[in-house]
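These notes are about the structure you will find just below.
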């Protein structure tokens with residue numbers, strides 16, 4: 001069981017470039033989440049998905065898009081990267097549960113720098 | 116957006132000390148409170164998920180309590196060890212149709228000195 005994996009681990013982009021971060025989980029979880037982590041800010045939810053083919057906005061969705069074409073994968077896209085998107089990105093997944101009482105399992109993170 | 120606050124922001128203790136820290140959250144429309152342990156260069160890992168007022172959970176030397184009526188949870192570490200050094204995150208959700216969306220506090224950074 002690999003759990004939650006993220007690709008790539010590190011990336012440096014120039015302003016205006018685009019990229020896609022891939023999250024994969026092998027636990028058959030229904031729910032998947034993308035967070036960003038900035039110093040002093042904790043984890044903030046970007047987008048989430050409650051199942052294949054469905055996505056929704058979180059707390060800080062601007063500048064990001066997501067897709068969940070397969071249950072096990074959740075992609076986070078940056079169409080035109082900005083320095084404000086320099087951050088560490090974490091993907092997480094969980095079973096469907098009663099109103100969020102299931103623990104979330106996190107990936108190892110992707111460190112993104114936008115110059 | 117929920118307001119989840121943790122205190123203190125950071126804490127330095129000596130090996131063998133017991134310590135505790137606080138998570139405050141809105142008490143209305145409560146469904147669950149999560150505690151995660153986050154070691155440097157690793158991913159957050161769940162310690163506890165609590166749902167009922169008065170819940171107490173324990174894992175080894177770490178325990179947590181929950182008061183949903185007043186909106187707080189305490190995390191206790193008994194006899195701290197250097198390997199307990201980590202950031203401890205709490206999170207709660209809006210309940211209802213939030214599909215497990217969690218709002219995290221900013222974390223308490225614990226450093227245990229040998």
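Chains as they are written, first to last, in this note's numbering: chain Y, 1 to 115; chain A, 116 to 229. Every residue, glycine too, gets a C-beta built ideally from N, C-alpha and C.
In the three-state reduction of the DSSP assignment, residue 199/A falls in the helix class. The contact set of residue 219/A on chain Y, defined by CB atoms closer than 7 Å, consists of 42, 43 in chain order. For residue 65/Y, not one C-beta of chain A is nearer than 8 Å to its own C-beta. Of the other Cβ atoms in all chains shown, 16 or more fall within 10 Å of the Cβ of residue 199/A; this residue is therefore buried. Distance check between residue 33/Y and each of 215/A, 220/A, 169/A places 215/A closest, using alpha-carbon atoms only.
Here residue 85/Y carries a helix assignment [DSSP, helix/strand/coil].
Per the DSSP secondary-structure output, residue 191/A pairs in a beta bridge with 135/A, 178/A. Contact annotation, residue 148/A with residue 181/A: C-beta distance approximately 6 Å; criterion of less than 8 Å satisfied.
Sequence-distant partners of residue 111/Y (beyond 5 residues in either direction) whose C-beta falls short of 6 Å from its own C-beta, in its chain, are 10, 88. According to the DSSP assignment, residue 42/Y belongs to the beta strand (DSSP E) that extends over 42-51. Scanning chain A for C-beta atoms nearer than 9 Å to the C-beta of residue 104/Y yields 149, 151, 159, 161, 206, 215, 217, reported in chain order. For the C-beta of residue 166/A, the chain Y residues within less than 7 Å are, from N- to C-terminus, 101.
Annotation: the continuous beta strand (DSSP E) that includes residue 38/Y extends over 31-38.
For residue 76/Y, the enclosing beta strand (DSSP E) covers residues 73-78. 220/A is the residue among 188/A, 220/A, 229/A whose C-alpha sits nearest the C-alpha of residue 38/Y.
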